[in-house]
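Remarks on the structure that follows.
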Amino acid sequence: MENLQDGYLLRNGIKIPCIGFGTWKSPDDVVCESVKVAIEAGYRHIDGAAAYANEAGVGKGIRESGIPREELFITSKLPNADHGYGPAKESFERTLNQMGLEYLDLYLIHWPVVIEHKDDFEQDILDTWRAFEELYEAGKIKAIGVSNFMIEHLEILKNHAKIMPMVNQVQLHPQHPQEEMVTYCKKNGIVPEAWSPLIQGQAFKRELLKEMAQKYDRTVAQICLRWIMQKGVVPLPKASSIERIKGNADVFDFEISKDDMEEIATLRSYGMIGDEPNIPRTKQVVGF
Numbered sequence: 023m024e025n026l027q028d029g030y031l032l033r034n035g036i037k038i039p040c041i042g043f044g045t046w047k048s049p050d051d052v053v054c055e056s057v058k059v060a061i062e063a064g065y066r067h068i069d070g071a072a073a074y075a076n077e078a079g080v081g082k083g084i085r086e087s088g089i090p091r092e093e094l095f096i097t098s099k100l101p102n103a104d105h106g107y108g109p110a111k112e113s114f115e116r117t118l119n120q121m122g123l124e125y126l127d128l129y130l131i132h133w134p135v136v137i138e139h140k141d142d143f144e145q146d147i148l149d150t151w152r153a154f155e156e157l158y159e160a161g162k163i164k165a166i167g168v169s170n171f172m173i174e175h176l177e178i179l180k181n182h183a184k185i186m187p188m189v190n191q192v193q194l195h196p197q198h199p200q201e202e203m204v205t206y207c208k209k210n211g212i213v214p215e216a217w218s219p220l221i222q223g224q225a226f227k228r229e230l231l232k233e234m235a236q237k238y239d240r241t242v243a244q245i246c247l248r249w250i251m252q253k254g255v256v257p258l259p260k261a262s263s264i265e266r267i268k269g270n271a272d273v274f275d276f277e278i279s280k281d282d283m284e285e286i287a288t289l290r291s292y293g294m295i296g297d298e299p300n301i302p303r304t305k306q307v308v309g310f
């Protein structure tokens, strides 16, 4: 990967840019300006979700960027309350209307919501996914995938669905490397994405990452993002200032050594943020 326009080919031949711009926790007016700054800085991959309650702002930023729509890769996600065949289709149309777009490049099931559906969670996932498959086949979505799915949830789709997810967006960072998940995804033709690549700010508290930043003459954020990229995963950093938006994109002219990659992964001892997706949403970090 040499720049923000480089990327990975999904199973259907669609290219997903190697770094996405995150939009969580940004109100409409702020996210509109951030999206425009990100696109001006070279980002072509914008990651959003209905749960972020700012799709109108994201869409406005996209339209006002001056970049042709076909040159951008736009993602959104299905709200947890809209699972099911009919509700998922209706929710997708609301997202398009909110964003003012004619299609999405990627649409994800945001969470598997296993506990909430108890004994029928497998059927809930399959019914919801069937709506995704039909929207994809109708050309309204260029690619479909999931978010926060564990391997056991992916296996449900692998064994019963017509189309395997093309992307799985999960919590992945030096404290939660997800080696098994990354291996599974690559084996099954799924591109893994990393939400919270900067550990929701905790990265800046880790002495090891500070030492690595000094060693490579980079910022802590750049170390985290480069580490994720070298694992073959798409990071989704969020920033609001011009300096940080541009800084997060400046990760293509250095490489972390194999030994340092492994040392950074020792931060796994701190663990993930929140709980695994099988835990009820009330205990989750629900933003992503």
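The sequence shown begins at 23 in the working numbering and counts up by one.
Backbone N, C-alpha and C define an ideal beta-carbon position, used for all residues, glycine too.
- Pairing residue 38 with residue 255, the inter-Cα distance amounts to about 11 Å.
- Between residue 258 and residue 88, the alpha-carbon positions lie close to 22 Å from each other.
- Shortest Cα-Cα distance from residue 249 to any of 268, 120, 50, 221 involves 221.
- Counting the other Cβ atoms within 10 Å of the Cβ of residue 218 gives 16 or more, which makes it buried.
- The DSSP assignment places 128-131 as complete runs of the beta strand (DSSP E) inside the segment 109-153, in order along the chain (cut-off: 3 residues).
- A direct Cα-Cα distance of roughly 36 Å separates residue 151 from residue 283.
- The segment 77-85 and the segment 50-61 touch, with no fewer than 3 CB-CB distances between them shorter than 8 Å.
- Under the Cβ criterion (8 Å, minimum of three pairs), the segment 62-74 counts as touching the segment 87-107.
- Look at residue 32 here: in three-state DSSP terms it is coil, with no helix or strand label.
- With three or more CB-CB distances shorter than 8 Å, the segment 114-132 counts as touching the segment 163-170.
- By the Cβ-count criterion, residue 117 is buried, with 16 or more other Cβ atoms from all chains shown falling within 10 Å of its own Cβ.
- Cβ contact annotation for residue 275 (same chain, cutoff 7 Å, sequence separation greater than five): none.
- Considering only 135, 141, 121, the residue with the shortest C-alpha distance to residue 101 is 135.
- Check the Cα spacing between residue 28 and each of 287, 273, 289: the tightest is with 273.
- Ranked by Cα distance from residue 174, the first of 156, 202, 193, 149 is 202.
- Closest option to residue 77, judged by alpha-carbon separation, among 63, 50, 62: 50.
- Check the Cα spacing between residue 200 and each of 73, 290, 71: the tightest is with 290.
- For residue 247, there is no enclosing beta strand (DSSP E); the enclosing alpha helix (DSSP H) covers residues 242-252.
- Rounded to the nearest angstrom, the gap between the Cα atoms of residue 226 and residue 279 is 21 Å.
- Here DSSP, grouped into helix, strand and coil, assigns residue 191 to strand.
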